[in-house]
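Numbering (this note's numbering), first residue to last: -18 to 144. Where a beta carbon is used, it is the ideal one built from N, C-alpha and C, also for glycine. Quick notes on the structure that follows.
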């Protein structure tokens, strides 16, 4: 009887541990292109575990403007549609990136001076994502950058760790 209860306890512990590995809720990853414009480091939180997973993310990015590196602040919401392979997903989302835009402006005395204007870029995304051994993630996606002056075609590639 005692051996049966020990074996039963080991099975329960193994099943519980395996379930916890599949539902890791946090990710930290680097993204080349995508929401950060040139590149970014991001934190992502899984909110709704199930057939489709809702995630929120925030990061710090950079891009080059007026021959200087500038900071950007990407945020976003993504929905993951599970494929037959439980570790692969279609990744659909919408994001916004605040970025400073350097330029020139005339002041009241008609002098030209530099200024920094902050613009918001809307960045929808559609891509493919996979979780490798429930510890790492990789994503490739189309991420056009849309703002009040133009649409810029773009792609993003991400690699990071699941926690």
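Assumed close pair residue i, residue j - CB separation to whole angstroms, cut-off 8 Å
i	j	result
residue 17	residue 42	2 Å
residue 110	residue 70	5 Å
residue 19	residue 140	Contact doesn't hold; Cβ gap of about 16 Å is too wide.
residue 80	residue 53	4 Å
residue 124	residue 14	7 Å
Contact check, residue i vs residue j, beta carbons under 9 Å
i	j	result
residue 59	residue 25	yes
residue 12	residue 137	yes
residue 6	residue 115	no
residue 50	residue 44	yes
residue 105	residue 75	yes
residue 8	residue 35	no
Where the beta strand (DSSP E) through residue i begins and ends
i	result
residue 15	Unbroken run through residue 15: none, as it is neither H nor E.
residue 122	117 to 123
Assigned secondary structure, residue i (DSSP; H/G/I helix, E/B strand, else coil)
i	result
residue 51	strand
residue 64	coil
residue 110	strand
residue 105	strand
residue 128	coil
residue 144	coil
residue 135	coil
residue 98	strand
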